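> One structure, as C-alpha cells, below. Some questions next.
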Amino acid sequence: MSSLLLDTDILINLLRGNVAARDFLADSLEEHELCCSVISIAEIWTGMRPHEEQATRRLVDSLKIVEINRTIAEKAGSFKGTTKSHALELDDCLIAATAFCTGATLATGNGKHYPMKEIRKVVVKM
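Sequential numbering of the sequence shown, starting at 1333, is according to the working numbering.
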C-alpha cells in the first residue's frame, strides 16, 4: 500500500467540511495509507479554535504521523536552498522533504507551494 502525505490545507479543508477534500480522502482510503507531517499538526494547532479541538484530535489520531529526522531536515534545507526563486517557506520545504524521504505522494491544494520536481504530488481542486 502506498503512502499519501496530506498537506496542511487538505486537513484544514476537511475539518471545515469541504466536500472536495472529503471526497478525495474517501476515494484514497482503500489504496493509500494516509499520513501527515508533524509540521502540519503544528500549523493546524496554530489556527485551531477551542471548540475545534475534539474534531481535530480525532482526525489527527486517524493518520500516521511522520516525525522530522535529520535526513528530512537536510533535504528540506536542500529544497529551500536550491529553489530560491520561488520564495519557499521552510514549513513547505519540510513537508515536501517528508514526502520525498518517505516515498509518499504529497496531496495538496497548493501545487505552487511545491515546485520541487523530485517529489510526487497530486493537486486537489478545492
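Ideal Cβ positions, reconstructed from N, Cα and C, are used throughout, including at glycine. Predicted model, so just to flag it, every value in this text is computed and none were measured.
1) Output the boundary residues of the alpha helix (DSSP H) element that contains K1407.
2) For E1365, tell me which candidate among G1435, P1447 and Y1446 has the shortest Cα-Cα distance.
3) Going by DSSP in three states, R1348 sits in which element: helix, strand or coil?
4) Run through DSSP, which three-state label would E1421 get?
5) In whole angstroms, what is the alpha-carbon distance linking S1335 and N1345?
6) With DSSP run on the structure shown, which of helix, strand or coil describes E1450?
Checking against the coordinates, here is how it stands:
1) R1402 to T1414
2) G1435
3) coil
4) coil
5) 20 Å
6) coil
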